[in-house]
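Colleague: So that we are looking at the same thing, I have put the structure below in structure tokens.
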Amino acid sequence: MPPPILIWITLLPIVPAIILFKALPEASSGSVGGKVYGVTVKFGGPIALYFAIFWLVMNKPNIWNPPPAYQLWEVSGRVVGQNGGGMDALTPGDVLLDPPISHIEPNDGSFKIKFATQPGPNGGLIYPDLYVSHPGFIGAPPLHLDPNKLKQAGMDVNEQTQEIVLKAIALSQPPSYNTATNQAPPKSVAPVQGGPQ
Numbered sequence: 007m008p009p010p011i012l013i014w015i016t017l018l019p020i021v022p023a024i025i026l027f028k029a030l031p032e033a034s035s036g037s038v039g040g041k042v043y044g045v046t047v048k049f050g051g052p053i054a055l056y057f058a059i060f061w062l063v064m065n066k067p068n069i070w071n072p073p074p075a076y077q078l079w080e081v082s083g084r085v086v087g088q089n090g091g092g093m094d095a096l097t098p099g100d101v102l103l104d105p106p107i108s109h110i111e112p113n114d115g116s117f118k119i120k121f122a123t124q125p126g127p128n129g130g131l132i133y134p135d136l137y138v139s140h141p142g143f144i145g146a147p148p149l150h151l152d153p154n155k156l157k158q159a160g161m162d163v164n165e166q167t168q169e170i171v172l173k174a175i176a177l178s179q180p181p182s183y184n185t186a187t188n189q190a191p192p193k194s195v196a197p198v199q200g201g202p203q
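The numbering of the sequence shown is our numbering, which starts it at 7 and goes up by one.
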């Protein structure tokens, strides 16, 4: 944060403290106190109001520094088969986001996707879901791209560069159905002898 903005944020609470001190002299007897970082503090009068507002501003940065309406993130990963080798010829339909994304660069099982978040109804951000599949393979379960949840799951998340690197996404082939081994051999039927006369 630029120093001039921090100076204004620091000094701004003094203005209402002075106004209240002059307008309401009986309010100057108010006090605030408690433990701050392990130190017991107690303030009275206009300093108490200043300290209360300053503490609120410094501990609730979304009040004075709201997050942007959207963020642009990049997620990358590698799709592998059962043998651990990379999938050849990934297509844009193999790696999808819901809601849809704007850019995919598939290459030898590796991919990079850029997506934009959307503002949520309560001021948060909405992140998309990632779907990975490939013809002839069972698709991976959807992955919600919330950076906090991905970080807890052990993924590599860099919030400053807004990049996510996923662990290898393994796809498996469906079990094969072999007609020769899964069908019972045909039973021989004795020929019918002597028909109606």
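The C-beta atom is built at its ideal place from N, Cα and C for all residues, glycine as well.
Taking only the alpha-carbon atoms, compute the straight-line gap between Gly83 and Lys118 and give it to the nearest angstrom.
Modeller: For this step, residue 83 is matched to residue 77 along the sequence shown. For this step, residue 118 is matched to residue 112 along the sequence shown. Each residue's Cα considered, the two are about 7 angstroms apart.
Colleague: Cα separation between Trp14 and Pro127?
Modeller: Against the sequence shown, residue 14 aligns to sequence position 8. Against the sequence shown, residue 127 aligns to sequence position 121. Those two C-alpha atoms are separated by around 30 angstroms.
Colleague: Could you check which residue in Leu62, Gly145, Asn164 has the C-alpha nearest to that of Leu177?
Modeller: Sequence index remark: in the sequence shown, residue 177 carries index 171 (1-based). It is Gly145 whose Cα lies nearest to the Cα of Leu177.
Colleague: Here's the rule I'm using: 16 or more other beta-carbon atoms within 10 Å means buried, otherwise exposed. How should Ala95 be labelled?
Modeller: By 1-based counting over the sequence shown, the position of residue 95 is 89. Ala95 should be labelled exposed.
Colleague: Which runs of the alpha helix (DSSP H) spanning at least 4 residues fall entirely within the segment 95-177, listed in chain order?
Modeller: Counting whole runs of 4 or more residues, the segment 95-177 contains the alpha helix (DSSP H) stretches 153-158.
Colleague: Where do the ends of the beta strand (DSSP E) carrying Gly91 lie?
Modeller: The sequence position of residue 91 within the sequence shown is 85, counting from 1. Element bounds for Gly91: n/a, residue is neither H nor E.
Colleague: Specify the secondary structure class of Leu78 as computed by DSSP and reduced to three states.
Modeller: Numbered from its first residue, the sequence shown carries residue 78 at position 72. It is a strand residue.
Colleague: At the level of alpha carbons, what is the spacing between Met64 and Gln168?
Modeller: The count along the sequence shown starts at 1 and reaches residue 64 at position 58. The count along the sequence shown starts at 1 and reaches residue 168 at position 162. Going by the C-alpha atoms only, they are around 24 angstroms apart.
Colleague: Out of curiosity, what's the CA-to-CA distance linking Ser139 and Lys157?
Modeller: Reading the sequence shown from its first residue, position 133 is the one you call residue 139. Reading the sequence shown from its first residue, position 151 is the one you call residue 157. About 23 angstroms.
Colleague: Look at Leu136 and Leu151 and say whether their C-beta atoms are less than 7 angstroms apart.
Modeller: Position 130 of the sequence shown, counted from the first residue, corresponds to residue 136. Position 145 of the sequence shown, counted from the first residue, corresponds to residue 151. Yes. Within cutoff.
Colleague: Would Val101 and Met93 be called neighbours here (beta carbons separated by less than 7 angstroms)?
Modeller: Position 95 of the sequence shown, counted from the first residue, corresponds to residue 101. Position 87 of the sequence shown, counted from the first residue, corresponds to residue 93. Not a contact, by the Cβ cut-off of 7 angstroms.
Colleague: Shortest alpha-carbon distance to Val163 belongs to which of Leu62, Val81, Ile24, Lys28?
Modeller: Locating residue 163 in the sequence shown gives position 157, where the first residue counts as 1. Per the Cα distances, Val81.
Colleague: Compute the beta-carbon to beta-carbon distance between Ala122 and Leu78, rounded to the nearest angstrom, for a pair I have assumed lies under 8 angstroms.
Modeller: As a position in the sequence shown, residue 122 is number 116, starting the count at 1. As a position in the sequence shown, residue 78 is number 72, starting the count at 1. Contact flag correct, Cβ pair sits at about 5 angstroms.
Colleague: In whole angstroms, what separates the C-alpha of Lys120 from that of Gly44?
Modeller: If you number the sequence shown from 1, residue 120 lands on position 114. If you number the sequence shown from 1, residue 44 lands on position 38. Straight-line Cα distance between these residues: approximately 44 angstroms.
Colleague: In whole angstroms, give me the CA-to-CA distance for Pro147 and Ile175.
Modeller: The residue labelled residue 147 in the question sits at position 141 within the sequence shown. The residue labelled residue 175 in the question sits at position 169 within the sequence shown. Taking the straight line joining both Cα atoms gives about 10 angstroms.
Colleague: In chain order, what residues of the same chain have a beta carbon less than 7 angstroms from the beta carbon of Tyr133, not counting five sequence neighbours either side?
Modeller: Translated into positions along the sequence shown, residue 133 becomes position 127. Within the same chain, Cβ atoms closer than 7 angstroms to the Cβ of Tyr133 are found at Thr123, His150, Leu151, Asp152, the five residues on either side in sequence being excluded.
Colleague: Does the Cβ of Ile170 have 16 or more other Cβ atoms within 10 Å, making it buried, or fewer, making it exposed?
Modeller: Here residue 170 is taken as the residue at index 164 of the sequence shown, counted from 1. By the 10 Å Cβ count, Ile170 comes out buried.
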